[in-house]
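A short worksheet on the structure shown next.
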Amino acid sequence: SLPKKVKIVEVGPRDGLQNEKGDVPADVKIELVNRLTEAGFPNIEAASFVSPKWVPQMATSKEVMAGITRKPGVIYSALTPNMQGFEAALAAGANEVVIFGAASEAFSQKNINCSIAESIERFVPVAKAAKDAGLRLRASVSTAFGCPYQGEVPLDSVAYVVGRMRDLGCDEIDIADTIGVSTPLKTKAVMERAIKEFHANRLAGHFHDTYGQALANIYASMEVGIEIFHSSVSGLGGCPYAKGATGNVATEDVIYMMNGLGIETGVDLDKVVDAGQFISSFLGRKAASRAGNAIAAK
Ligand code: HMG
Ligand code: MG
Numbered sequence: 011s012l013p014k015k016v017k018i019v020e021v022g023p024r025d026g027l028q029n030e031k032g033d034v035p036a037d038v039k040i041e042l043v044n045r046l047t048e049a050g051f052p053n054i055e056a057a058s059f060v061s062p063k064w065v066p067q068m069a070t071s072k073e074v075m076a077g078i079t080r081k082p083g084v085i086y087s088a089l090t091p092n093m094q095g096f097e098a099a100l101a102a103g104a105n106e107v108v109i110f111g112a113a114s115e116a117f118s119q120k121n122i123n124c125s126i127a128e129s130i131e132r133f134v135p136v137a138k139a140a141k142d143a144g145l146r147l148r149a150s151v152s153t154a155f156g157c158p159y160q161g162e163v164p165l166d167s168v169a170y171v172v173g174r175m176r177d178l179g180c181d182e183i184d185i186a187d188t189i190g191v192s193t194p195l196k197t198k199a200v201m202e203r204a205i206k207e208f209h210a211n212r213l214a215g216h217f218h219d220t221y222g223q224a225l226a227n228i229y230a231s232m233e234v235g236i237e238i239f240h241s242s243v244s245g246l247g248g249c250p251y252a253k254g255a256t257g258n259v260a261t262e263d264v265i266y267m268m269n270g271l272g273i274e275t276g277v278d279l280d281k282v283v284d285a286g287q288f289i290s291s292f293l294g295r296k297a298a299s300r301a302g303n304a305i306a307a308k
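By my numbering, the letter at position 258 of the sequence shown is numbered 268, and the numbering carries on one by one without gaps.
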């Protein structure tokens, strides 16, 4: 049976914008985060404290975190690949830090320049520091449904990484379809395997929409007990280390579907549509959300 309520984590300001080639000034990012806060998201991924040589667009993360208007109770998350990133996120007042690994060895090397085992070692002090500082700790497991470099990713690899992230004390673990290749039955198989390692209600589905399967994958995930999903306003994004991958599933489409299913999100769809139109007009292109464009055209 489907959940009565789901948590939608808005990742547009980070996963969405990190891939933009042109400069997106900090004040535009701040306005986007503020609009998303107003729309009612309980959790917004606002920043990424990674090497600016690797992901130049995220170099303004400190300014963004300092400039946003925070709403009490909302979790503002930041990616932190190592202790340097953690210190920056802590100083910037992130409520949650996100360590990010991969279920595929090849992707781990391309994305964070180390093996899966080395990445876990690097996350040990980050996890401890996060706990000591009283911050929430989340982990993202990339390429859990397929890898742009090695293709198939065995279920055992997903289970292994989820287990290690659990052992680090993560509050939530994201199972990510980095390149958007999964289909519903595959999604169920991966999620069911992950659920053997970690609480179903603390696993999140992070689906990119490259092959147009993301909504179906979300629905399939709900059928096996997943209640947290990531999405990106106006379908922004892609991963700089996953060529050809498109953005996350568009938030407007997800909220439209949840509303139709009678599943509570706490998010105001019209406000998300406005936020999507705002950032798309800044970027000079049409929003990539079908529901968003349909609603905006009314
Ligand atoms: P490295 O080169 O192996 O690291 O990169 P290093 O420790 O040797 O450091 C090299 C340089 O980077 C040094 O500077 C460090 O100071 C600097 P230099 O001495 O050369 O001037 N540096 C940093 N600067 C700022 N903040 C930091 C930091 N760390 C080192 N935290 C590293 C390793 C992990 C840093 C690098 O590979 C990196 O930054 N990768 C980021 C990759 C990334 O952001 N990818 C996108 C996000 S993941 C994603 O999108 C997937 C997700 O959405 C889920 C999904 O869809 O799958 C989450
Ligand atoms: Mg992603």
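Note that the Cβ used here is the ideal one computed from N, Cα and C, for glycine as well.
Considering just the uninterrupted stretch of the beta strand (DSSP E) at residue i, what are its terminal residues?
i	result
Ala88	85-89
Arg148	146-152
Ala112	106-112
Phe239	238-241
Val163	Note, Val163: premise wrong, no beta strand (DSSP E); not H, not E.
Could you give the first and the last residue of the continuous alpha helix (DSSP H) run that contains residue i?
i	result
Ile189	Careful: Ile189 lies outside any alpha helix (DSSP H) and carries neither H nor E.
Gly286	279-293
Asn332	The requested residue 332 is not part of the displayed model; the chain covers only 11 to 308.
Gly95	93-101
Arg80	Element bounds for Arg80: n/a, residue is neither H nor E.
Arg300	300-306
Ser129	126-142
Glu262	261-271
Where residue i and residue j are concerned, what is the direct C-alpha to C-alpha distance, given to the nearest angstrom?
i	j	result
Lys196	Asn227	9 Å
Thr79	Gly50	13 Å
Val171	Lys308	45 Å
Asn36	Ser11	According to the sequence shown, residue 36 is Ala rather than Asn. Their backbone Cα atoms lie some 42 Å apart in a straight line.
Ser129	Phe59	16 Å
Gly270	Thr188	27 Å
Lys15	Asp219	23 Å
Gly144	Val107	11 Å
Arg24	Ala255	15 Å
Val283	Met268	15 Å
Ala204	Ala186	11 Å
Lys253	Ala116	14 Å
Excluding the 5 residues preceding and the 5 following residue i in the sequence, name in chain order all residues of the same chain whose CB lies nearer than 6 Å to its CB.
i	result
Ala301	Glu262, Asp263, Tyr266
Ala112	Ser118, Ser152, Thr153
Leu42	Pro23, Ile289
Val234	Lys198, Met201, Glu202
Give me, in chain order, the residues of the same chain whose beta-carbon lies closer than 8 Å to that of residue i; leave out the 5 immediate sequence neighbours on both sides.
i	result
Thr47	Ile54, Ile78, Thr79, Arg80, Lys81, Val84
Glu207	Ala169, Val172, Gly173, Arg176
Arg45	Lys281, Asp284, Ala285, Phe288
Output needed for residue i: all residues of its chain with C-beta closer than 7 Å, excluding positions within five of it in sequence on either side, in chain order.
i	result
Ser290	Ser244, Lys296, Ala297
For the stretch 184-233, list the beta strand (DSSP E) runs that are entirely contained and at least 3 residues long, ordered along the chain. 213-217
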